[in-house]
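Visitor:
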Amino acid sequence: MIDVVLVAVNDSTPAFAAATVAVEYAERLGARVHAVTVLEPWLVGRVHEDAGLIDIRHRREQAGDAALRHVAALGAAAGVEVSGVRREGPVAAAILEEAVSVGAGLIVLARVSRRGHALPYVGSETLRVLEFATVPVLVVPTHPQ
Numbered sequence: 290m291i292d293v294v295l296v297a298v299n300d301s302t303p304a305f306a307a308a309t310v311a312v313e314y315a316e317r318l319g320a321r322v323h324a325v326t327v328l329e330p331w332l333v334g335r336v337h338e339d340a341g342l343i344d345i346r347h348r349r350e351q352a353g354d355a356a357l358r359h360v361a362a363l364g365a366a367a368g369v370e371v372s373g374v375r376r377e378g379p380v381a382a383a384i385l386e387e388a389v390s391v392g393a394g395l396i397v398l399a400r401v402s403r404r405g406h407a408l409p410y411v412g413s414e415t416l417r418v419l420e421f422a423t424v425p426v427l428v429v430p431t432h433p434q
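Each step along the sequence shown adds one to the number in our numbering, with nothing skipped, and position 113 is 402.
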């Protein structure tokens, strides 16, 4: 039986689609949702843009926290318990570690959708999760039916 559905989210439309599907599955299964957002260490430094410095780390943290709040709101609307955490490190490894730590019975991920690509695709982090996961992994299309 699946008691915990883990969903990996960021501040993207595909991730929000995956979160919606995760909440729907959890509702049907009588499970709870645990959301994780991962900050990649090489994306959290400072970068020079135009005349000033922008603290990328702070903005990434804010975006991750907003994504977690979005999942919590989806869960509240569906009557599904939702917890969430922000982690830092290599994305696939952090997702897999979080899945083990919360006893997830299902991992839900989004397909990647990037400008310049005609179609969404399974990204390298998703492929790593698929390769090393010990529980089922559901990869959600950008616009699920």
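We treat Cβ as the ideally placed atom computed from N, Cα and C, and that holds for glycine.
Report yes or no: do three or more beta-carbon pairs, one from the stretch 345-363 and one from the stretch 313-331, lie closer than 8 Å?
Guide: yes
Visitor: By Cβ distance, which residues of its chain are closer than 6 Å to valine 374, with the 5 residues on each side in sequence left out?
Guide: Val325
Visitor: Is aspartate 292 closer than 8 Å to glycine 364 when the C-beta atoms are compared?
Guide: Not closer than 8 Å, so no.
Visitor: With the cut-off set at 8 Å, would you say leucine 295 and glutamate 370 are in Cβ contact?
Guide: no
Visitor: For valine 310 and proline 425, what's the separation of their Cα atoms in angstroms?
Guide: 15 Å
Visitor: Where does glutamate 414 land, buried or exposed, given buried means 16+ other C-beta within 10 angstroms?
Guide: buried
Visitor: I'd like to check one pair, aspartate 300 with alanine 352: are the Cβ atoms closer than 8 Å?
Guide: yes
Visitor: Is alanine 383 near the ligand MN - that is, is its Cβ less than 7 Å away from at least one heavy atom of it?
Guide: Questions concerning the ligand MN fall outside what the structure shown contains, since it holds no ligand whatsoever.
Visitor: Might you give, ordered along the chain, the residues of its own chain that have their beta carbon closer than 7 Å to the beta carbon of alanine 367, omitting 5 neighbours on each side?
Guide: Val312 and Glu316
Visitor: Quick check on the DSSP output: the beta strand (DSSP E) that includes glutamate 377 runs from which residue to which?
Guide: Segment 371-377, the beta strand (DSSP E) holding glutamate 377.
Visitor: Since valine 397 and leucine 427 are thought to touch, with beta carbons under 8 Å apart, how far apart are those beta carbons, to the nearest angstrom?
Guide: 5 Å
Visitor: Go to threonine 326, then tell me how far its beta strand (DSSP E) extends in each direction, as first and last residue.
Guide: 321-328
Visitor: With burial defined as no fewer than 16 other Cβ atoms inside 10 Å of the residue's Cβ, what is the status of valine 389: buried or exposed?
Guide: exposed
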